[in-house]
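First residue of the sequence shown: 1128, per the numbering used here; consecutive thereafter.
Beta carbons are placed, not taken as given, at the ideal position from N, Cα and C, and that holds for glycine.
All figures in this text were calculated on a predicted structure; none of them were measured in a lab.
Everything on this sheet refers to the single structure shown next.
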Amino acid sequence: MKLSKEQIDFFETFGFLKLPQLMADRLDWIIDEFTKTFPDDNKHDGTKRTCIVPFIDQRMSQLLDDPRIEAIGAALLGEDFNYMGSDGNYYSGDTSWHRDGYHKKYKHLKIAFYLDELDGNSGALRVIPGSHRLHDQFGEQLSIKMRDPKASWNIAGNAVPAYVLDVTPGDVLVFNHNTFHSSWNGSTSRRMFTINMCQRYEEADLQELRDYIAGAARFWIDRNYSETMMNTASPQRMIHLEQVMANDGHLAALSAQKRLEMTEPARG
Ligand SMILES: O=C(O)CCC(=O)C(=O)O
1128 MKLSKEQIDF FETFGFLKLP QLMADRLDWI IDEFTKTFPD DNKHDGTKRT CIVPFIDQRM
1188 SQLLDDPRIE AIGAALLGED FNYMGSDGNY YSGDTSWHRD GYHKKYKHLK IAFYLDELDG
1248 NSGALRVIPG SHRLHDQFGE QLSIKMRDPK ASWNIAGNAV PAYVLDVTPG DVLVFNHNTF
1308 HSSWNGSTSR RMFTINMCQR YEEADLQELR DYIAGAARFW IDRNYSETMM NTASPQRMIH
1368 LEQVMANDGH LAALSAQKRL EMTEPARG
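The structure is reproduced here in structure tokens:
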């Protein structure tokens, strides 16, 4: 699979892309592994989000080698893109508007796999097209106005004009971390996992990468990737791991500190 130049331009222009049924042939395996990754003592009870980080690293590392996933990263970030970790979730209820990052120089994206049929009335992801463009006035001004849609425009969060990404399991959604997104009217048990990726950082900016990696300490992890992800890596997969592996040496100490400060690992 290769993204077309129109698909790439759509992603660059609007900050998201839907690839209908891209992974349909792997769906049964994905759902099975998703279910097995949540341990019996961490079953979702619906009261709040349940989240495991890193996620595909536990039982689905080979997803990173899938030519379709590789092709998304290569087309949008360059062939030497970094894998930046993943999370597996049972979401519960609304997710209010937010960006996953505010990256002006390096492009970060999320590939999202929703495992339930969703539309605007049942928790499908909504995005604000163009909101990823931090260098445009629109994207920049949204940073302040989206803090409180009621104060800005006298409307509730779920009334903010947005594109609803209806999904059928097997679809793949891709969005820029800078893109504002949210979910409304969902059940207390929406299954979803992600794969995060970014452009390879230049040597001069490696501290920025290390600072980003430091954020994973809230999940109480010592390395950004699991041993399985690293130990089973082919030379091709290693291209997407090596920069982070060389720059996550500070994570274990930061996680140890978080274990003292927090009662449980973060849920997102
Ligand atoms: O599906 C949802 O509720 C929100 C997903 C989300 O915010 C994310 O993956 O960053």
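For ligand 1, any of its heavy atoms closer than 8 Å to the Cβ of residue 1144? no
Measuring CB to CB, does residue 1392 end up less than 9 Å from residue 1345? For residue 1392 and residue 1345, yes; Cβs fall inside 9 Å.
For residue 1226, does the count of other Cβ atoms within 10 angstroms reach 16, so buried, or fall short, so exposed? buried
Residues bridged to residue 1319 (per DSSP): 1216 and 1241
Determine the extent of the alpha helix (DSSP H) in which residue 1279 is found, giving its start and end residues. Residue 1279 -> alpha helix (DSSP H) spans 1276-1280.
May I have the straight-line CA-CA distance separating residue 1301 from residue 1168, to the nearest angstrom? 31 Å
Does the segment 1315-1334 come close enough to the segment 1275-1283 that 3 or more CB-CB pairs lie under 8 Å? no
Do you know how far the Cα of residue 1290 is from the Cα of residue 1255? 6 Å
Considering residue 1290, what are the terminal residues of the beta strand (DSSP E) in which it resides? 1290-1292
Option nearest residue 1386 by Cα separation, candidates 1348, 1359, 1222 and 1352: 1348
Let me know the secondary structure DSSP gives residue 1296 once reduced to three states. DSSP places residue 1296 in the strand class (E or B) of the three-state scheme.
Among 1264, 1284 and 1232, which has the Cα closest to the Cα of residue 1327? 1232
Cβ of residue 1313 versus every heavy atom of ligand 1: is any distance shorter than 8 Å? yes
Kindly indicate which residue of 1343, 1176 and 1253 has the alpha-carbon position closest to the one of residue 1145. 1253
Count Cβ pairs between the segment 1157-1175 and the segment 1329-1338 that sit closer than 8 Å; are there 3 or more? no
Which stretch, first to last residue, makes up the beta strand (DSSP E) that contains residue 1255? That residue, residue 1255, is in no beta strand (DSSP E); it is neither H nor E in DSSP.
Measuring only the C-alpha atoms, how far is residue 1394 from residue 1194? 30 Å
Flag residue 1246 as yes when its Cβ comes closer than 8 Å to any non-hydrogen atom of ligand 1, and as no otherwise. no
Taking 8 Å as the line, does the beta carbon of residue 1229 fall inside it for any heavy atom of ligand 1? no
By a C-beta neighbour count over all protein chains shown, 10 Å radius and 16 as the cutoff for buried, is residue 1229 buried or exposed? exposed
Would you say the beta carbon of residue 1250 comes nearer than 8 Å to a heavy atom of ligand 1? yes
Could you work out which residue in 1273, 1373 and 1244 is closest to residue 1293 when comparing CA atoms only? The residue from 1273, 1373 and 1244 with its alpha-carbon nearest to that of residue 1293 is 1244.
Whose C-alpha, out of 1192, 1380, 1307 and 1205, is nearest the C-alpha of residue 1362? 1192
Three-state secondary structure (DSSP) of residue 1301: strand
Do residue 1284 and residue 1221 come within 9 Å of each other at the CB atom, strictly closer than that value? yes
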